[in-house]
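Peer 1: What follows is a single structure, and I will ask about it in a moment.
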Amino acid sequence: MKIQTDFAIRSARVEDVPIIFQLIRDLATYERAPNEVTATEEQLVDVLFGKRPAAEVLLAFEKDKPVGF
Numbered sequence: 001m002k003i004q005t006d007f008a009i010r011s012a013r014v015e016d017v018p019i020i021f022q023l024i025r026d027l028a029t030y031e032r033a034p035n036e037v038t039a040t041e042e043q044l045v046d047v048l049f050g051k052r053p054a055a056e057v058l059l060a061f062e063k064d065k066p067v068g069f
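Here you go:
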């Protein structure tokens, strides 16, 4: 039996910061370290989309649901 899933991967946009932040929190919870997340959404905006971006994020979606980064 074949299972086919359609994924879309794209570069994150500033309006995706709440999604990215939630994925970070979900990962920390999975790793049993939820208290290790000390960043804020505002800090993520600056780090990812500020004058000197320090990182880049790709988001994976299954249909319209974010499933990975």
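Positions 1 to 69 (my numbering) are the ones given, in order, by the sequence shown. Even for Gly, the Cβ is constructed at its ideal location relative to N, Cα and C.
My output table needs one value for E31: the three-state DSSP class, helix, strand or coil.
Peer 2: When DSSP states are grouped into helix, strand and coil, E31 belongs to the coil group.
Peer 1: Closest to K65 by CA distance: which of M1, K2 and D6 is it?
Peer 2: Of the residues M1, K2 and D6, the one whose Cα lies closest to the Cα of K65 is D6.
Peer 1: For I20, which residues of its own chain have a beta-carbon under 7 Å away from its beta-carbon, when the five flanking residues on both sides are left out?
Peer 2: A12, L44, V57 and F69
Peer 1: Would you decide whether D16 is buried or exposed? Buried here means 16 or more other CB atoms lie within 10 Å of its CB.
Peer 2: In summary, D16 is buried, with 16 or more beta-carbon neighbours lying within 10 Å of its beta-carbon over all protein chains present.
Peer 1: Alpha carbon to alpha carbon, how far is M1 from P34? Give it in angstroms, no decimals.
Peer 2: Their backbone Cα atoms lie some 38 Å apart in a straight line.
Peer 1: In whole angstroms, what is the alpha-carbon distance linking E41 and G50?
Peer 2: E41 and G50: Cα-Cα distance of roughly 13 Å.
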